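**Student:** Taken in order, these protein sequences are the chains called A and B.
When you line the first sequence up against this note's numbering, it's residues 99 to 530, in that order.
When you line the second sequence up against this note's numbering, it's residues 99 to 530, in that order.
2 protein chains.
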Amino acid sequence: MRIELINTGTELLLGRVLNTHQHWICRRLADHGYVVNRATTVPDTGPEIAAAVQEALGRADLVLTTGGLGPTSDDRTRELVAELLGLTLREEPETLARIKQFFASRNRPMPDRVRIQALVPQGALVLPNPNGTAPGLAIDASPNPFRAGGPPAWLILLPGPTRELRPMMTDQVIPLLLQRLPRTEPFVCRTLRTTGLGESLVEERIAGSLDALVRGGLEAGYCARNGEVDIRLVACGTDAQRLVAEAEQAILNTLGRHIFGFEDELLEEAVVRLLQESGRTLAVAESCTGGHLANRITNVPGASKVFLTSLVAYSNQAKQDLLGVSPETLVRHGAVSEAVAREMAEGIRRRTGADIAVATTGIAGPDGGTPEKPVGTVYLGWTDDRGTRVLKRINAYDRETFKQITSQQALELVRRALLREEREAEKENPAG
Amino acid sequence: MRIELINTGTELLLGRVLNTHQHWICRRLADHGYVVNRATTVPDTGPEIAAAVQEALGRADLVLTTGGLGPTSDDRTRELVAELLGLTLREEPETLARIKQFFASRNRPMPDRVRIQALVPQGALVLPNPNGTAPGLAIDASPNPFRAGGPPAWLILLPGPTRELRPMMTDQVIPLLLQRLPRTEPFVCRTLRTTGLGESLVEERIAGSLDALVRGGLEAGYCARNGEVDIRLVACGTDAQRLVAEAEQAILNTLGRHIFGFEDELLEEAVVRLLQESGRTLAVAESCTGGHLANRITNVPGASKVFLTSLVAYSNQAKQDLLGVSPETLVRHGAVSEAVAREMAEGIRRRTGADIAVATTGIAGPDGGTPEKPVGTVYLGWTDDRGTRVLKRINAYDRETFKQITSQQALELVRRALLREEREAEKENPAG
Chain A
99 MRIELINTGT ELLLGRVLNT HQHWICRRLA DHGYVVNRAT TVPDTGPEIA AAVQEALGRA
159 DLVLTTGGLG PTSDDRTREL VAELLGLTLR EEPETLARIK QFFASRNRPM PDRVRIQALV
219 PQGALVLPNP NGTAPGLAID ASPNPFRAGG PPAWLILLPG PTRELRPMMT DQVIPLLLQR
279 LPRTEPFVCR TLRTTGLGES LVEERIAGSL DALVRGGLEA GYCARNGEVD IRLVACGTDA
339 QRLVAEAEQA ILNTLGRHIF GFEDELLEEA VVRLLQESGR TLAVAESCTG GHLANRITNV
399 PGASKVFLTS LVAYSNQAKQ DLLGVSPETL VRHGAVSEAV AREMAEGIRR RTGADIAVAT
459 TGIAGPDGGT PEKPVGTVYL GWTDDRGTRV LKRINAYDRE TFKQITSQQA LELVRRALLR
519 EEREAEKENP AG
Chain B
99 MRIELINTGT ELLLGRVLNT HQHWICRRLA DHGYVVNRAT TVPDTGPEIA AAVQEALGRA
159 DLVLTTGGLG PTSDDRTREL VAELLGLTLR EEPETLARIK QFFASRNRPM PDRVRIQALV
219 PQGALVLPNP NGTAPGLAID ASPNPFRAGG PPAWLILLPG PTRELRPMMT DQVIPLLLQR
279 LPRTEPFVCR TLRTTGLGES LVEERIAGSL DALVRGGLEA GYCARNGEVD IRLVACGTDA
339 QRLVAEAEQA ILNTLGRHIF GFEDELLEEA VVRLLQESGR TLAVAESCTG GHLANRITNV
399 PGASKVFLTS LVAYSNQAKQ DLLGVSPETL VRHGAVSEAV AREMAEGIRR RTGADIAVAT
459 TGIAGPDGGT PEKPVGTVYL GWTDDRGTRV LKRINAYDRE TFKQITSQQA LELVRRALLR
519 EEREAEKENP AG
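1) The beta strand (DSSP E) that contains A:D328, what's its start and end?
2) Does any residue of chain B bring its CB to less than 9 Å from the CB of A:H121?
3) Under a CB-based cut-off of 9 Å, is A:C321 close to chain B?
4) Rounded to a whole number of angstroms, what is the C-alpha to C-alpha distance between A:L167 and A:R174?
5) Since A:E283 is in the beta strand (DSSP E), which residue starts that stretch and which ends it?
6) How would you call B:E57, buried or exposed, if buried means at least 16 neighbouring beta carbons within 10 angstroms?
7) Going by alpha carbons, who is nearest to A:L516 out of A:I329, A:N105, A:R340, A:R378?
8) Quick check: is the beta carbon of B:E526 nearer than 9 Å to any beta carbon in chain A?
9) Compare the C-beta of B:H390 with all C-beta atoms of chain A and state if any pair is closer than 9 Å.
10) Taking Cβ positions only, does B:A529 come closer than 9 Å to chain A?
11) Considering only the beta carbon of each residue, do A:T427 and A:E441 sit closer than 9 Å?
12) Assuming A:S408 contacts A:E384 under a Cβ cut-off of 8 Å, what Cβ separation, rounded to an integer in Å, is found between them?
13) Which whole runs of the beta strand (DSSP E) in the segment 147-221 of chain B are 3 residues long or more, in chain order?
14) Between B:G479 and chain A, is any beta-carbon pair separated by less than 9 Å?
15) Quick check on DSSP: helix, strand or coil for A:K471?
16) In or out: B:L290 buried (at least 16 other Cβ within 10 Å) or exposed?
17) Quick one: grab the DSSP three-state call for B:L299.
18) Closer than 9 Å by beta-carbon distance: list the chain A residues that pair up with B:N493, in chain order.
19) Does DSSP put B:N105 in a helix, in a strand, or in coil?
20) With DSSP collapsed to three states, give me the class of A:T292.
21) For B:L111, would you say it is in contact with chain A, using Cβ-to-Cβ distances shorter than 9 Å as the test?
22) Suppose you measure from the CA of A:R514 to the CA of B:A416; what does that come to, to the nearest Å?
23) Does the segment 491-503 of chain A come close enough to the segment 387-401 of chain A that 3 or more CB-CB pairs lie under 8 Å?
24) Between the segment 440-451 of chain A and chain B, which residues of the former have CB atoms less than 7 Å from a CB of the latter, in chain order?
25) Hey, could you find the ends of the beta strand (DSSP E) B:T458 is sitting in?
26) Could you have a look at B:V434 and say whether DSSP puts it in helix, strand or coil?
27) Taking 8 Å as the limit between beta carbons, can you name the residues of its chain near B:V212, skipping five residues before and five after?
28) List, from N- to C-terminal side, the beta strand (DSSP E) runs of 3 residues or more that fit wholly inside the segment 330-379 of chain A.
29) Using a Cβ-Cβ cut-off of 9 Å, state whether A:G318 counts as contacting chain B.
30) Less than 7 Å between C-beta atoms, sequence neighbours within five positions excluded: which residues of the same chain meet that for B:L311?
31) Please list the segments of the beta strand (DSSP E) lying wholly inside the segment 481-522 of chain B, counting only runs of 3 or more residues, in order along the chain.
32) Residues in its own chain within less than 6 Å of B:I395 by CB, not counting five upstream and five downstream?
33) What do you get for A:E363, buried or exposed, if any count of 16 or more other CB atoms within 10 angstroms of its CB means buried?
34) Where does the unbroken beta strand (DSSP E) through A:A318 begin, and where does it stop?
35) State yes or no: is the C-beta of B:R430 within less than 9 Å of the C-beta of B:T352?
36) Do you know how far the Cα of A:A149 is from the Cα of A:T108?
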C-alpha cells in the first residue's frame, strides 16, 4: 500500500511555521502500520495544490491533505479537489446545521463565507469536526482517473488547525482506514536509542549480528543526533515480530549499556527514571553548559523529587562564593581545568547533600579559547560516595551544540554512575 | 525562479523526528528572497530519492537535498545523484585529508566506511564541512537532462546533521546562490519582533498606519509565538526598500518599546546587549523555570561578562541554604508565593552582588496544582537598587511551554528595568 501526505500552507514554505502536522500524522499512521512513502508541502496556490494532488493520486492508494478547508479566500483545497475529480459540490444540510450550531453554542454570529464549509463533493464521506467548523472529507476515488486501469485510491482532506486535525485523525480517520484499507500484513517498528558511540561505530559493531535478519527482511536504519544515535528496526509480514525481537536482543547483547532507552525516551528521562528507581538525588554545578543541563532534567515531569539544585556559576566569584572552589585553584589552574571541575562537583554535593553531583566547566566559544585550551575544551567532574572523577572532552562545535553535547555527556556520566551502583548492589545481594 | 527542497530520512516519514530542516532552510532562503515552491520528504530508499530528485529537476531551477551523505549503508544520496546525472565518483584527496584531520583533532580513530564521504561527483563544487565529515556538494546540472531544452539547474546536496547543515547553508550555500543565481528584482523582507501584546492587538494598533503602504504593494504578516509576536514586512520591485522602511518607521512610532529587536534577534540577546551597554550585571534564581532562563541567557555569546549566576533551587532546602529564603516564609506562604519570589530575588542579588536579579517560582505541572494555586501559577520577582517588585501570572500550558513563556516574562521584566534605567541616566523622565 502506497501512502502520500500533502501539507498545504504558504507559511510553511516561507519557513515561518514548523511543519508539525507532517511529524504527527506520519507517527499516528505508522503506529497503526500505515507508513507514509512521501510527504509534500505546497503553498496555498491553486495550481501547486492541484498538481500535487494529481501526482499523488497517480502513484498512491491513499492520499491525505491538510489545510485549505477554511472560510477565507486562500482556502481552496475542497474546490480544487472536486474540480480535479469531476465531482459536483453540494451544500449538505446536516453539515450546515452543525456549523450553525458551532457558532450558536459560542454566542457568535456566523459570517456568510463560513457557509461554503458545508459544501460536500458528491459521494464523499463527511468527517464531522467537533472542534471547528470545517468538516474533513473522505473521497473514494474509484475509478482513479490518474492511474488508468490501476487500483482505486482514497483521498482524505483534513482541516489545518491542530486542535481540529488531531482529534479528527485519531477518532475518525484511523478507524476508517482500519475498516476500509486494512493492512494485510503485520508491521513492527522499534527504535533503540544509544549514546557514547558515533554512527559509523554503532553500525560497525552491530551489522554482523544483523546480517541474517536483514537477509530475512529486517530493515535497519540509523539516525545521528547531538550525542546520540538512534537504531530503527522495521519489519513487515508474518515474521515481523520475530525479526525485530531477535534484532533487538542481538543489539542489546552487543551494545549493552550504550542503549539508554527505547522509542521516544530521552536521555534525561532515563536519568530521572534511574534516580527515582534507586532513590538517589542529583545536584549539578554548571559553568559552560549555562543551565542547559538543569533545563533538560527539569523538563521531565517528576524531576523535582530527585533533582535538588543546579548552580550556574558563570563567574569565578560565584564559583568561589557559592561552590567553595578555592581561589588558589582558580589562579593556578584556571577556571577550565580538571581541578576546578573536581572542586565544583564536590562543592555542590557538599552544599546540597545530594547523592550524586556532576559539574561542567569549559569554553563554549566563540571567544575565550587559547592554544592550550581551545574553544570546545571541557572538563566534566562527577562525584558520589565512591569518590570523584574528571573527564576531559573536546567538543569543538557552535555554542548551542557545545552545550547540548556537553550536557549529553554529563547526563551519560550520571547514568553510568547509577548503573554501576545497581550492578554493585546486585553483586552484594544477588537474590534481591 | 522555481526552487524545490527534498528532505531525505525514513525517520521523518515514520514520524520519529520533526522535520526542522524544512522550516530552517525555507526561512534562510526566504530571508534572501529565494522562496521555496515545493518541499518533498522521502525515505532513505534509493528509488524514492532518485524519483524525487529527477522530478524536481524536471521542474525547478534550484533543487536542494538534505541527508544521505553519511557513512552508513542507508546513506545513498551522493551515489544516486551521480548515477542519475551520469557523473563518475572520484575520491578527492583534499576532502579525504579534511576528514582524517576531523578525526585526528578529536583523538578518535577513523572507521573505514567514513572514507566514502571523500567521493565527489565529477565537476561538483565541494562545500567543506568544518563541523563534521561529509562535505556538501553543489552540482551545476547544465544541460539539465530532465528538462529537455529548458534552463540549467543547480542541485545542492547538504548533510543531514543540524550542526553541520546550518553553518554550511549560511556560510557557503547562500553566498553561492547570491553569486550564481542572483534575484533579478529587489526583494525586501524585514521582521520586527514584539513582546507584551497579543497578535490581534498588534494588528489592531498598527493596521491603520500601514493602509496606504499595503495599497502600494507592501505585504504585512503576523506570527504569534510563545510570548512574542513577529511582524513581517515584505515587498518586491523597485519600491520595495521605501515601502518597508516607511512601514517600519510607522510601527516603531506606534509600538515603541514593545519592539525588542529585529530579524532573528532573540529577547535574551536584547537583554544581554542592554546589560553590556549599561555596564550592569544580572543574577537569576530559578525554581519553576528550572534552568531554562539561564540556558537562554548563556546561549548569547559574551553573556559571561554580564551574567553572574543562576541558582536553580528546585528543592525548598536549596531555597533556604543557597538563597537564604527563610523557613518561616516557606511554611507560611508556600514555595510558590509572592513572598518567596521576593526573598529569592533579593537572596541571589545579595549573594552575588549583581545589579539586577530576577526570580521565578511556580507550578509547571502536570502535577502539583491546588484549587488556590492551579498548575500554571507563577510569581516573578525582580530587584535592583530601586527595590523589589513581584508579578503574578497564570501560564496554564504544557510543562515545556510553561517554562518558555515564564522565562520570556522574566527576560521582559529585566529588559524593562534596564530601559527605565537608561531613561533615568538620560534624565528624560523620573522613575514611575
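Every residue gets a Cβ at the ideal spot worked out from N, C-alpha and C, and that includes glycine.
The structure displayed is predicted, hence computed values, not measured ones.
**Tutor:** For this structure:
1) For the purposes of this step, residue 328 of chain A is identified with residue 230 of the first sequence, where counting begins at 1. 326-334 is the span of the beta strand (DSSP E), which, as asked, contains A:D328.
2) Here residue 121 of chain A is taken as the residue at index 23 of the first sequence, counted from 1. Closer than 9 Å: yes.
3) The residue given as residue 321 of chain A occupies position 223 in the first sequence. Cβ-Cβ to chain B under 9 Å: yes for A:C321.
4) The sequence position of residue 167 of chain A within the first sequence is 69, counting from 1. The sequence position of residue 174 of chain A within the first sequence is 76, counting from 1. The straight-line gap from Cα to Cα measures roughly 7 Å.
5) Locating residue 283 of chain A in the first sequence gives position 185, counting from the first residue. Here A:E283 belongs to no beta strand (DSSP E), and DSSP marks it neither H nor E.
6) With chain B represented from 99 up to 530, any question about residue 57 of chain B goes unanswered, as that position is not in the structure.
7) The count along the first sequence starts at 1 and reaches residue 516 of chain A at position 418. A:L516 has its Cα closest to that of A:R378, out of A:I329, A:N105, A:R340, A:R378.
8) Taking the first residue of the second sequence as position 1, residue 526 of chain B is located at position 428. No answer about B:E526 holds up, because its pLDDT of 36 lies below 50 and its placement is not dependable.
9) Here residue 390 of chain B is taken as the residue at index 292 of the second sequence, counted from 1. At least one chain A Cβ lies under 9 Å of B:H390.
10) Taking the second sequence and counting its residues from 1, the one referred to as residue 529 of chain B is at position 431. Because the pLDDT of B:A529 is 31, which lies under 50, any placement of that residue in the model is unreliable, and the number read from its coordinates should be weighed accordingly. Not an interface residue.
11) Position 329 of the first sequence, counting from 1, holds the residue named residue 427 of chain A. Position 343 of the first sequence, counting from 1, holds the residue named residue 441 of chain A. Yes, the pair counts as a contact, with Cβ atoms nearer than the cut-off.
12) Your numbering for residue 408 of chain A matches position 310 in the first sequence. Your numbering for residue 384 of chain A matches position 286 in the first sequence. Confirmed, Cβ separation roughly 6 Å.
13) 160-164, 187-189, 217-219
14) Position 381 of the second sequence, counted from the first residue, corresponds to residue 479 of chain B. It does not; no Cβ of chain A falls within 9 Å.
15) Locating residue 471 of chain A in the first sequence gives position 373, where the first residue counts as 1. Here A:K471 sits in coil by DSSP.
16) What you label residue 290 of chain B is simply residue 192 of the second sequence in a count that begins at 1. Per the 10 Å Cβ criterion, buried.
17) Stepping through the second sequence from its first residue, residue 299 of chain B is reached at position 201. DSSP places B:L299 in helix when its eight states are reduced to three.
18) Numbered from its first residue, the second sequence carries residue 493 of chain B at position 395. The contacting residues do not exist; B:N493 stays about 15 Å from chain A at best.
19) For the purposes of this step, residue 105 of chain B is taken as residue 7 along the second sequence, with counting starting at 1. Correct three-state label for B:N105: strand.
20) Residue 292 of chain A sits at position 194 when you count from the first residue of the first sequence. Of the three classes helix, strand and coil, the one that applies to A:T292 here is strand, per DSSP.
21) Numbered from 1 along the second sequence, position 13 holds the residue referred to as residue 111 of chain B. Cβ-Cβ to chain A under 9 Å: yes for B:L111.
22) As a working mapping, residue 514 of chain A is identified with position 416 in the first sequence. As a working mapping, residue 416 of chain B is identified with position 318 in the second sequence. C-alpha separation (whole angstroms): 26 Å.
23) yes
24) R449, T450
25) As a first step, residue 458 of chain B is located in the second sequence; it is residue number 360 there, counting from the start. Residues 454-460.
26) Start at 1 with the first residue of the second sequence, and residue 434 of chain B comes out as number 336. Looking at B:V434 - three-state DSSP - the assignment turns out to be coil, as it is neither helix nor strand.
27) The residue given as residue 212 of chain B occupies position 114 in the second sequence. For B:V212, where only same-chain residues beyond five positions count, the Cβ hits under 8 Å are P169, I197, F201, T231.
28) 357-360
29) Within the first sequence, the letter at position 220 stands for residue 318 of chain A. According to the sequence displayed, residue 318 of chain A carries Ala and not Gly. Chain B contact via Cβ: present.
30) Looking up residue 311 of chain B in the second sequence gives position 213. Counting only Cβ-Cβ distances below 7 Å, and skipping sequence neighbours, we find L341, E344, A345.
31) 485-492
32) Stepping through the second sequence from its first residue, residue 395 of chain B is reached at position 297. Excluding sequence neighbours, B:I395 sits near E366, A401, F405.
33) Position 265 of the first sequence, counted from the start, is the residue given in the question as residue 363 of chain A. Flag for A:E363 reads exposed.
34) In the first sequence, counting from the first residue as 1, residue 318 of chain A sits at position 220. Per DSSP, A:A318 belongs to the beta strand (DSSP E) from 317-323.
35) What you label residue 430 of chain B is simply residue 332 of the second sequence in a count that begins at 1. What you label residue 352 of chain B is simply residue 254 of the second sequence in a count that begins at 1. No; because the gap between Cβ atoms is not below 9 Å, this pair is not in contact.
36) Locating residue 108 of chain A in the first sequence gives position 10, counting from the first residue. Locating residue 149 of chain A in the first sequence gives position 51, counting from the first residue. When rounded, the distance between both Cα atoms is 15 Å.
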